[in-house]
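Trainee: Attaching a single structure in structure tokens format; questions to follow.
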Amino acid sequence: MRYLWLVWAGLARDPLRVALTTGSVAVAFILLWLLRGVDSGIAHRIDSVPADLLHVIGRGFPGYLPVASLHALEDVPGVAHVASLAYHNSTYRDYKGGVLLVAVDLERFLPVAYDVRMDSETVQAFLATPGAAIVGAGAVERFGWQRGDRLRLRPIGVGPEEWSFEMVGTWDYKGVSLQESVGLFVDYAHIDQTLPEEEAGRVGAFVVRVHDANRANAVSAAIDERFRNSSAPTLTATTRDAWMSGRHPGQVRLAANAIVGASFFAILFCTGGVMAQSVRDRYGELAMMKSLGFRGGVLLCGIAGESLAVCLAGAAMALVPAALVDAGELLGQYGAVVYPPRPSLYAFGFVVALLLAVISVALPGWRVLRLSPSEVGR
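Below is the structure:
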């Protein structure tokens, strides 16, 4: 402790260089936090999907299934509950992004709606109001709709010239950004009667809950076998596998690790170069201190203290605020799949900062130990 003034004196020589280096280290640790948060977010989303749900779609193009298949699905051994989903695209005024309508039998849908949140008042209003719509919170934010508004949407493709719905409430996804909750839930029977005869009576998918999650794959195979020779063969998978379709957590994790590794490798060169330059600038002073009786180990500790202060300060600047902020809340408005990383990340981060400081000072420290008092004028 008696030589802490050596560390402070070294840091005070060039405050701008110290600040920039500390900021660079902080950026690397922010990357570590965010990318680990993405990894945790994907894992959390996968784990949040119940293992006892199956997703049933039509095999082949366009993949529609007759709504009458619902009762046949209920007869498959192991099936506990079935709900249908029908998807329709529409436009609202001059908005070019499109508005998705999800037509459901709400009483059947709610028992399998594991990731959808809507209050009981909204559910009761929907069941009591013909032509009702429950609007995604993201759509409310985007269009400024309010409860009781009459929503007029134009179908994309087949259908009437206009669909008209009364907004009775809002819904959103549990733990997911508002940007993703932009669709509308509407009543299947209400919207189906507005479609041409050749388009009516079809759904896009069924959601099936099984009695035993351990037999989900067996029930999935039984469903496909049941409809194999029918006019509408099915393709069934667990909802977790369906959600994973096109997503590759292993590749995301590999990419995240590669980016973090590359950033820390670059920061290692940055801090190592800064420490080496700092020592070179002070060769004469350090040699003078040796000639006055300071041991090489004391001078090495002073240099190491500077490196340690920079690396730990950078880690603290990134990780301490991160531990106090809900990453999903912070980034959810931008549509990011981010979840707070495990607490062990913060301990790991400070260990990495310690190693970074030690490695950065290794070469400059070795030169300090070999420095001769005769090099005072160097």
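Each position in the sequence shown, counted from 1, maps to that position plus 1 in my numbering. For every residue, glycine included, the Cβ atom is placed at its ideal position computed from N, Cα and C.
#1: Who are the near neighbours of Glu75 in its chain, counting only those whose CB is closer than 7 Å to its CB and skipping five residues on each side?
#2: Measure how close the beta-carbons of Gly350 and Leu313 come, nearest whole angstrom, since I'm counting them as under 8 Å.
#3: Can you name, in chain order, every residue of its own chain whose Cβ lies under 7 Å from the Cβ of Tyr96, other than the five neighbours on each side?
#4: Per DSSP, which one or two residues make a beta bridge with Asn90?
#5: Looking only at DSSP bridge pairs, what is Ala238 linked to?
#6: Only counting the same chain, and skipping five residues up and downstream in sequence, which positions put a Cβ closer than 6 Å to that of Gln194?
#7: Let's see if you can read the secondary structure: which residues bound the beta strand (DSSP E) around Leu152?
#8: Just reading off the alpha helix (DSSP H) that Ser70 is part of, what are its end residues?
#9: Roughly how many whole angstroms lie between the Cα atoms of Ile135 and Val159?
#10: Tell me the DSSP bridge mates of Gly167?
#11: Thinking just about the alpha-carbon of each residue, which of Gly139, Pro51, Ala133 is nearest to the one in Arg151?
#12: With Val113 and Arg18 assumed to form a contact (beta carbons below 8 Å), what rounded beta-carbon distance in angstroms separates them?
#13: Give me the residue from Val187, Ala52, Ala140, Val275 with the minimum Cα distance to Phe110.
#14: I need the boundaries of the alpha helix (DSSP H) containing Ala190, first residue and last residue.
#15: Checking 8 Å against the spacing of the C-beta atoms, do Thr123 and Val169 come in under that value?
#16: Apart from the five residues on each side of it in sequence, which residues of its chain come closer than 6 Å, Cβ to Cβ, to Thr171?
Mentor: The structure says:
#1: The count along the sequence shown starts at 1 and reaches residue 75 at position 74. Same-chain partners within the cutoff: Val83.
#2: Here residue 350 refers to the residue found at position 349 when the sequence shown is read from its first residue. Here residue 313 refers to the residue found at position 312 when the sequence shown is read from its first residue. That pair is no contact at about 10 Å.
#3: Position 95 of the sequence shown holds residue 96. The answer is none, since no qualifying residue turns up.
#4: Your numbering for residue 90 matches position 89 in the sequence shown. Leu101, per the DSSP bridge assignment.
#5: Translated into positions along the sequence shown, residue 238 becomes position 237. Its beta-bridge partners are His56.
#6: Taking the first residue of the sequence shown as position 1, residue 194 is located at position 193. There are no such residues.
#7: Here residue 152 corresponds to residue number 151 of the sequence shown, with the count starting at 1. Residues 151-156.
#8: Within the sequence shown, residue 70 is the residue found at index 69, counting from 1. 70-75 is the extent of the alpha helix (DSSP H) around Ser70.
#9: Taking the sequence shown and counting its residues from 1, the one referred to as residue 135 is at position 134. Taking the sequence shown and counting its residues from 1, the one referred to as residue 159 is at position 158. So the alpha carbons of these two residues sit roughly 22 Å apart.
#10: Stepping through the sequence shown from its first residue, residue 167 is reached at position 166. The sequence shown places Glu at residue 167, not Gly. DSSP, once it has assigned bridges, lists Ala133, Arg151 as partnering Glu167.
#11: The count along the sequence shown starts at 1 and reaches residue 151 at position 150. With distances taken between Cα atoms, Arg151 lies closest to Ala133.
#12: Taking the sequence shown and counting its residues from 1, one reaches residue 113 at position 112. Taking the sequence shown and counting its residues from 1, one reaches residue 18 at position 17. About 59 Å separates the two Cβ atoms, so there is no contact after all.
#13: As a first step, residue 110 is located in the sequence shown; it is residue number 109 there, counting from the start. Ranking the options by Cα distance to Phe110, first place goes to Val187.
#14: Here the question's residue 190 lines up with position 189 in the sequence shown. It spans 189-193 - the alpha helix (DSSP H) in which Ala190 sits, taken as one unbroken run.
#15: What you label residue 123 is simply residue 122 of the sequence shown in a count that begins at 1. What you label residue 169 is simply residue 168 of the sequence shown in a count that begins at 1. Contact: yes.
#16: What you label residue 171 is simply residue 170 of the sequence shown in a count that begins at 1. So the qualifying residues of the chain are Val136, Ala138, Val141.
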